[in-house]
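Q:
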Amino acid sequence: MAYSQGYSPHPILSFAAPLGVGLTSEAEYLDLELVEAVEKEAILLRLNEQMADGMQITGWHVLKENAKNAMSIVAAADYEIVCETAWEQAWHDFVAQPEIIICKQTKTKQVQIDLAPLIDSATISEHALQLQLPTGSVCNIKPELILQSFFDFMQQPFSKAMTPIHRKQLYACKTEQEEYIPLEFFETVETMG
Amino acid sequence: MSQFALSDNILQQIEKPARYIGNETNVIKKDLTQVKIRFCMCFPDVYEIGMSHLGMQILYDLLNQRADTYCERVYAPWVDLDAILREQHIPLFALESQDPIRQFDFLGITLQYEMCYTNVLQILDLSGIPIFAKDRTQADPIVIGGGPCAYNPEPIAAFFDFFYIGEGETAYDAILDLYLKNQQQNGTRRQFLEQVAQIEGMYVPALYDVSYQEDGTIAAFTPNHVNAKKTIRKQVVSDFSSVSYPKKPLVPFLKVTQDRAVLEVQRGCMRGCRFCQAGMIYRPLREKDVEQLKQAAQQILEETGQEEISLSSLSTSDYRELEQFVLYLVQFCKERKINISLPSLRIDAFSLDIMSKVQNVKKSSLTFAPEAGSQRLRDVINKGLTEQEILTGALQAFHGGWNRVKLYFMLGLPTETNADIEAIAALADQIAKEYYQNIPKEQRTGRVQVLVSTSFFVPKPFTPFQWVAMDSNEMFLEKQRYLNQKLRQQCNHKSLQYHWHEAELTLLEGVFARGDRKLSAVLYDAYRSGCLYDAWSEHFSYEKWMAAFQKNQIDPLFYTSRKRPITEILPWDFIDIGVSRKFLEKEYERAQKEIVTPNCRKACAGCGASQFHGGVCHES
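Protein chains in written order, with my numbering: chain P, 1450 to 1642; chain L, -19 to 600.
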């Protein structure tokens, strides 16, 4: 692995977006810088031998020279949330509101945020709610925030365990106007897996 | 479908659910159908504290080397989970299998400090194991206590089936073989305990009766069974270089207090500081072979991927091959970008040279432990350090680039006077002066920071001070105020800072350290009234504890404030730690005469540890 310079060198490693406690995911990404070329099949094998139970590295891509690190380019994420059929109508009413104001507690103060424009897209079917939300350093909306607000709207108590959340994809985009591109295709040169 | 004892619902509600799911790197998984003995090892504090304990890593690794035994772990559930377990009647479970502890053959609890005793009761309670040993049946695990507090097991004797006194690496094969044999013969729990009493170092409280005098002191400590030995001799590892050591220690998912690989370089201490229990009970000093250490370091770092390694011992400067070993380690670690941590070093030119080799980041603070402010008092406690050595060491550190110094002292040491306390302030000031007088302005990186930290002296069993009276809370607070005042009066007071400790918790530590069996009722009542996590300031309740003492009509000061006559029967007298009672008495006398006893390598003081045929007593 390559290490940073300076007093306390650390591996040059960047996780795209931290996953909240209790969520599952099929789209986790990390960037790694190596000092020498490694055999393609071998690296996957070596890494997976050390991975924790239940986690596997499914593939890797070579990034362009000078590509930005994963954490800095993440823009949005897709979430799939298990839900009950009974919520469908309530959800439609919830998103139909002109604004959805919540109080977000930051480290120093409480801020008021309007969630309505921040939900990039949302579809609900019989058993699942699909949400696409801004993610990353510019704007970060956790799915729990939306769900808490939704349950408040329904006047029901909310607990994370009631709504298993699964992250399905992470996106980057070149500029604000352009489309979201899944991280695995963003600025890559070569693909394996 | 969950593989965990706790449902997703519960895991989502509690703080740091990773504390309870196991599956860490290097965890041991065994096929239960192949296993004859299920052992659960317990550290009675929360996960992050327990996972920092080297002893448990050693025993976990050791016991799992037996094919017929599966050793798993349990730590105290935090207060949030504790409430849920009680509410929902979920029994406490081991991490590896997530099975209820009640199903195990053994529950081994390590006792590292007195203030975890309420957590011991919590573990038993939440496991569904009868808290008092006398109430347990064939179905319950055998509960074993070990660790430094087992050297005075009496306050908690009522809760344990037996205590393993001494080092854990030696006798478990004998204990477990005995257990299997007893099982094969359809022996009872009681029969097993009667037999285990015959193994050296094993103390079965039920086989002894204690009677008291009118004044509350012990009248007699008598075996009531033919197998109960009059004296219990500690277990000690004689060939320390070949003893088992974990090469694949567990690596937690959470950030734990000691977040690094640990390598024990030696055990025991030759300095003989008179207040120090660890120095006495772990005698004789035994070093590990340096080639073995090099191999172990390499293996451990490769198997864990840890980014920092720490060398552990009571006084690492005394390890004779330290320089050679550190040079090797620096080379090995530099290539791999691994940090090296070297606590417990004396401050002298040699150590400073070594420290500058390993401290690659900007220099943090340097710690000295003079323990007492005046030379007179340092001689009383046998902490040889002279003022000249301290000042020279400090100055060398300053020249080396350090500008932050921590000084550890104790208040309440025997024969202490106000002059001794004032000397602490004067010493701190002198150190600051050394900096300003000798380090030219251009080389300074700001003001020097001298941090004075005082704790309160607690007399411990098996030290020359085991008879002394401990200061009361009021006396401690008065001394703290006095020292604070003196520090403020110093010339360089702007460079001096003072950190002090809470007195109330220290009183309880003092009570249990030298307590007897009468305290078990107090402990039980304190636990029932809600005392838990006493070592954590946000949970400690002095009021509840005092209420428990009152309810049982026991005065805590009986254990702490009395100066005990040499003739008094002490609750721990039945244990033989190698170091003799005569030696402790002699050292107590020498302390009062302010006479220093040289370290083991300078001159043998005949403490008695040489009977174990190993270590520094028999160095060529």
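Heads up, the beta-carbon is just placed ideally off N, CA and C, and yes, glycines get one too.
Look up Ser435 of chain L in the DSSP assignment and give the residues it is bridged to.
A: L:Met390
Q: Closer than 7 Å by beta-carbon distance: list the chain L residues that pair up with Val1544 of chain P, in chain order.
A: The contacting residues do not exist; Val1544 of chain P stays about 25 Å from chain L at best.
Q: Can you list, in chain order, the residues of the segment 1608 to 1622 of chain P whose Cβ is nearer than 9 Å to any Cβ on chain L?
A: Ser1608, Lys1609, Ala1610, Met1611 and Pro1613
Q: Whole angstroms is fine: what's the gap from Val1563 of chain P's alpha carbon to Leu1462 of chain P's?
A: Contrary to the premise, residue 1563 of chain P reads as Asp rather than Val in this sequence. C-alpha separation (whole angstroms): 34 Å.
Q: List the DSSP bridge partners of Lys1553 of chain P.
A: P:Val1560
Q: Can you check whether the C-beta of Tyr1452 of chain P is within less than 8 Å of a C-beta belonging to chain L?
A: yes
Q: Do the CB positions of Leu387 of chain L and Ala412 of chain L come within less than 8 Å of each other?
A: no
Q: Taking DSSP as the reference, what is the three-state secondary structure of Trp516 of chain L?
A: Taken through DSSP and simplified to helix, strand or coil, Trp516 of chain L comes out as coil.
Q: Apart from the five residues on each side of it in sequence, which residues of its chain come closer than 6 Å, Cβ to Cβ, to Thr296 of chain L?
A: Ser324 and Leu325
Q: What residue range is occupied by the uninterrupted alpha helix (DSSP H) comprising Glu1529 of chain P?
A: Segment Val1523 to Val1531 is the beta strand (DSSP E) holding Glu1529 of chain P; no alpha helix (DSSP H) there.
Q: Between which two residues does the beta strand (DSSP E) containing Phe19 of chain L stretch?
A: Per DSSP, the unbroken beta strand (DSSP E) holding Phe19 of chain L starts and ends at Ile17 to Phe23.
Q: Once DSSP output is grouped into helix, strand and coil, what is the label at Asn(-11) of chain L?
A: Here DSSP, grouped into helix, strand and coil, assigns Asn(-11) of chain L to helix.
Q: Measure from the C-beta of Ala1577 of chain P to each C-beta in chain L and report whether the shortest distance is under 8 Å.
A: no
Q: Name the DSSP beta bridge partners of Cys51 of chain L, please?
A: L:Phe19
Q: List the whole-angstrom C-beta distance separating Pro420 of chain L from Leu564 of chain L, where the pair is believed to meet the contact cut-off of C-beta under 8 Å.
A: Contact doesn't hold; Cβ gap of about 50 Å is too wide.
Q: Classify Phe201 of chain L as helix, strand or coil using the three-state DSSP reduction.
A: Phe201 of chain L: strand per DSSP, three-state reduction.
Q: What did DSSP end up calling Tyr159 of chain L once you bin it into helix, strand or coil?
A: helix
Q: Answer with yes or no whether the minimum CB distance from Asp60 of chain L to chain P is below 8 Å.
A: No, because no Cβ of chain P sits closer than 8 Å to the Cβ of Asp60 of chain L.
Q: Do you know how far the Cα of Glu303 of chain L is from the Cα of Asp79 of chain L?
A: 47 Å
Q: Could you tell me which chain L residues have their CB closer than 8 Å to the CB of Asp1502 of chain P, listed as they occur along the chain?
A: Asn3
Q: Taking 8 Å as the cut-off, decide whether the C-beta atoms of Ile1522 of chain P and Phe1635 of chain P are in contact.
A: Yes.
Q: Is Gly1471 of chain P close to chain L, meaning its C-beta is less than 8 Å from at least one C-beta of that chain?
A: Cβ-Cβ to chain L under 8 Å: yes for Gly1471 of chain P.
Q: Please give me, in chain order, every unbroken run of the alpha helix (DSSP H) with length at least 4 that falls completely inside the segment 318 to 404 of chain L.
A: DSSP runs (the alpha helix (DSSP H)) wholly in the segment 318 to 404 of chain L: 329 to 338, 355 to 360 and 367 to 379.
Q: Compute the distance between the beta-carbons of Leu393 of chain L and Phe437 of chain L, then report whether it is under 8 Å.
A: yes
Q: If you run the structure through DSSP and keep just helix, strand and coil, what is Pro80 of chain L?
A: strand
Q: When the Cα atoms are used, what is the spatial distance from Leu(-14) of chain L to Ile81 of chain L?
A: Cα to Cα, the separation comes out at about 14 Å.
Q: State yes or no: is the C-beta of Glu267 of chain L within less than 8 Å of the C-beta of Gln215 of chain L?
A: Going by C-beta atoms, Glu267 of chain L is not nearer than 8 Å to Gln215 of chain L.
Q: So Pro1583 of chain P is in the beta strand (DSSP E); what residue range does that whole segment cover?
A: Its beta strand (DSSP E) spans residues Ala1577 to Pro1583.
Q: So, is the C-beta of Pro57 of chain L closer than 8 Å to a C-beta in chain P?
A: no
Q: Can you check whether the C-beta of Ala1458 of chain P is within less than 8 Å of a C-beta belonging to chain L?
A: Looking at the sequence provided, one finds Pro at residue 1458 of chain P rather than Ala. It does: the Cβ of Pro1458 of chain P has a partner Cβ on chain L nearer than 8 Å.
Q: Relative to the C-alpha of Leu104 of chain L, which residue among L:Glu94, L:Ala571 and L:Phe86 is closest?
A: L:Phe86
Q: Return the chain-ordered ranges of every alpha helix (DSSP H) run that is complete within the segment 67 to 155 of chain L and spans a minimum of 4 residues.
A: Restricting attention to alpha helix (DSSP H) runs no shorter than 4 residues, the segment 67 to 155 of chain L encloses them at 97 to 107, ordered along the chain.
Q: I'd like to know if Ala79 of chain L contacts chain P, where contact means its C-beta is closer than 8 Å to some C-beta of that chain.
A: Checking the sequence shown, residue 79 of chain L turns out to be Asp, not Ala. Closer than 8 Å: no.
Q: Out of curiosity, what's the CA-to-CA distance linking Leu1481 of chain P and Gly588 of chain L?
A: 58 Å
Q: Determine the burial state of Tyr1456 of chain P: buried for a count of at least 16 other Cβ atoms within 10 Å of its Cβ, exposed for fewer.
A: exposed
Q: So, does the CB of Asp11 of chain L fall closer than 8 Å to a CB anywhere in chain P?
A: Taking Cβ atoms only, chain P never reaches closer than 8 Å to Asp11 of chain L, which makes this a no.
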